[in-house]
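Worksheet for the structure shown next.
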């Protein structure tokens, strides 16, 4: 069996890696233009999704920023704190830079025989 995926965005590469992990051949078809990445763009991932990604797609632990405390303030209420979550024993969620995840996926897929 062979699968063809159109595009090389994060979703496409994640899907390709998941399928390759099942031992299925994958072709990723995309335009070969030079991409300019916003290196400050990030993605928030819940702890359950990090666990799923690490177990089923690719180990991403080394590129994550783990968040154990979240505080949200508002300008309308004189910078009053309106939300405060903290869990010293467990990550609330993690943040990953989009381009780092993209590069890790691309590198892994290029090394794979499928």
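Residue numbers (the numbering used here): 9 to 122.
Every residue, glycine too, gets a C-beta built ideally from N, C-alpha and C.
inquiry  = Between the alpha carbons of residue 27 and residue 33, how many angstroms are there, rounded?
reply    = Distance between the alpha carbons of residue 27 and residue 33 is about 8 Å.
request  = To the nearest angstrom, report how far apart residue 15 and residue 39 are at their CA atoms.
outcome  = In this structure, the CA atom of residue 15 is about 8 Å from the CA atom of residue 39.
request  = Starting from residue 72, trace the beta strand (DSSP E) both ways and give me its first and last residue.
outcome  = For residue 72, the enclosing beta strand (DSSP E) covers residues 72-75.
query = residue 66 and residue 25: beta carbons closer than 8 Å?
reply = In terms of Cβ geometry, residue 66 and residue 25 form a close pair [threshold 8 Å].
request  = Determine the burial state of residue 81: buried for a count of at least 16 other Cβ atoms within 10 Å of its Cβ, exposed for fewer.
outcome  = Exposed.
message = Tell me which residue opens and which closes the alpha helix (DSSP H) that residue 100 is part of.
response = Run containing residue 100: none; DSSP gives neither H nor E here.
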